[in-house]
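Numbers in our numbering are just positions in the sequence shown, counted from 1, shifted up by 41.
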Amino acid sequence: MPLVDSINTIISNPDYADLFSIIKGFRNGAVYGAKIRFPHALVMTFMFRQGSLPVKMRAIFKATFTHSRNLAYFVTIYKTVLVVLKRARGGKEHHVDPFLAGLVGGYIVFGEDTNINNQVNQECLMQCQFLTCIVRLHQIVLYVFSRIAVGMAKLAVKQEVIPSVPHGYTIFASLTWAIVMWLFKHHRDTLQGSLRSSMVYLYEDSNLFSSVTDLLWVNK
């Protein structure tokens, strides 16, 4: 079809690669967010939430939509900031760019202290193996460790061991995403395998496209 062929020609044009990479990043973020959140929300809702079936289904779809939207927004913001920084330097990249882009994305998307953002941020923190470089720990221990770390920080503030930091959660979320994006770019071998695979799907597979089909419909 002439129209489809014309669209595919535009999509495959290197001059528009950055733009379509951002668009596919949004798509991959939305798809991945829904895939990982829906089964989790389904199980947790039916196991622990009270209420009628319609109430439970609304809760499941709300959690899935929120996670999917937030991840899509983060990938979009992250890739957009990278493009802006690169173009501001005349096409040159800097090793600190992923940190800055992750910082901005984490602040905007995950900086609010909500249940879903809490889970996402702690999962991200949990799977950064640089925190456990001395010993190899089982994943369930890492799962508990991330929550203990947050709990101990709150306890230290409560006991006045350390002062309460204004917007502390926002700072925590921003730095978490800044660090994990920097590690993925420069030291990805330090990241847990499943996190590394998901980040490849979100941030690298979204750079691969040649037609409207593998831009919007399938990953590759």
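Virtual Cβ for every residue (Gly too), placed ideally from N, Cα, C.
Exposure label - residue i; buried when at least 16 CB within 10 Å
i, result
"Asn-69", "buried"
"Phe-89", "exposed"
"Ile-203", "exposed"
"Lys-120", "buried"
"Ser-235", "exposed"
"Gly-132", "exposed"
"Ala-214", "buried"
"Ala-129", "exposed"
"Gln-170", "The predicted model places Gln-170 with a pLDDT of 47, which falls under 50 and marks its position as unreliable; any figure quoted below should be read in that light. The residue is buried, with at least 16 neighbouring Cβ atoms inside 10 Å."
"Val-145", "buried"
"Trp-223", "buried"
Below-9 angstroms beta-carbon distance, residue i vs any chain C residue
i, result
"Lys-76", "Given the protein chain composition of this structure (a single chain), no chain C is represented."
Same chain only: Cβ atoms within 6 angstroms of residue i, ignoring 5 sequence neighbours per side
i, result
"Arg-237", "Arg-229"
"Ile-101", "Ala-82, Leu-83 and Thr-86"
"Val-198", "Ser-205"
"Val-116", "Gly-66, Gly-70 and Leu-243"
Cut-off 8 angstroms between Cβ atoms - residues of its own chain near residue i, not counting five sequence neighbours on either side
i, result
"Phe-225", "Pro-139, Leu-232, Arg-237, Met-240 and Tyr-244"
"Leu-256", "Ile-52, Phe-61, Ile-64, Lys-65, Arg-68 and Phe-250"
Proximity below 9 angstroms, CB of residue i to CB of residue j
i, j, result
"Gly-147", "Thr-50", "no"
"Val-253", "Ile-118", "no"
Reference residue i; option with closest CA among the options
i, options, result
"Ala-58", "Trp-258, Ser-251 and Lys-261", "Ser-251"
"Asp-154", "Phe-186, Gly-209 and Ser-247", "Gly-209"
"Gly-143", "Met-193, Val-221, Ile-212 and Ala-104", "Val-221"
"Val-122", "Phe-106, His-136, Leu-141 and Gly-132", "Leu-141"
"Val-137", "Ala-219, Asp-246 and Ile-48", "Ala-219"
"Thr-107", "Pro-43, Val-150 and Val-182", "Val-150"
"Pro-55", "Met-193, Thr-254, Asn-248 and Gln-91", "Asn-248"
Same chain only: Cβ atoms within 7 angstroms of residue i, ignoring 5 sequence neighbours per side
i, result
"Gly-152", "Thr-211, Ala-214 and Ser-215"
Would you call the region 61-81 and the region 90-97 in contact, with 3 or more CB pairs under 8 angstroms? no
Does the count of Cβ pairs from the region 107-120 and the region 72-87 closer than 8 angstroms reach three? yes
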